[in-house]
Amino acid sequence: MTNFENETDKTYSKRQFKNRWDALKKERKA
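Just so you know, we're using full-length UniProt numbering here: the sequence shown kicks off at 1 and counts up by one.
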């Protein structure tokens with residue numbers, strides 16, 4: 001794996017994690 005791919009993967013997972021967190025917070029409020 002190249003360094004570029006590695007960085008992209010990290011950014012992607014971070015965004016996915018944030019999306020999951022936002023969904024969780026919305027569910028809690030509901």
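Glycine included, each C-beta is placed from N, C-alpha and C at the ideal position. For clarity, every value in this text was computed on a predicted model and none was experimentally measured.
Could you please give the first and the last residue of the uninterrupted alpha helix (DSSP H) stretch that includes T11? Mapped onto the sequence shown, residue 11 falls at position 11. It spans 3-29 - the alpha helix (DSSP H) in which T11 sits, taken as one unbroken run.
Spatial distance of N19 from K25 (CA atoms): Residue mapping note: residue 19 aligns to position 19 of the sequence shown, counting from 1. Residue mapping note: residue 25 aligns to position 25 of the sequence shown, counting from 1. Each residue's Cα considered, the two are about 10 Å apart.
Can you give the Cα-Cα distance for E27 and F17, rounded to whole angstroms? Here residue 27 refers to the residue found at position 27 of the sequence shown. Here residue 17 refers to the residue found at position 17 of the sequence shown. Approximately 15 Å, taken between the alpha carbons.
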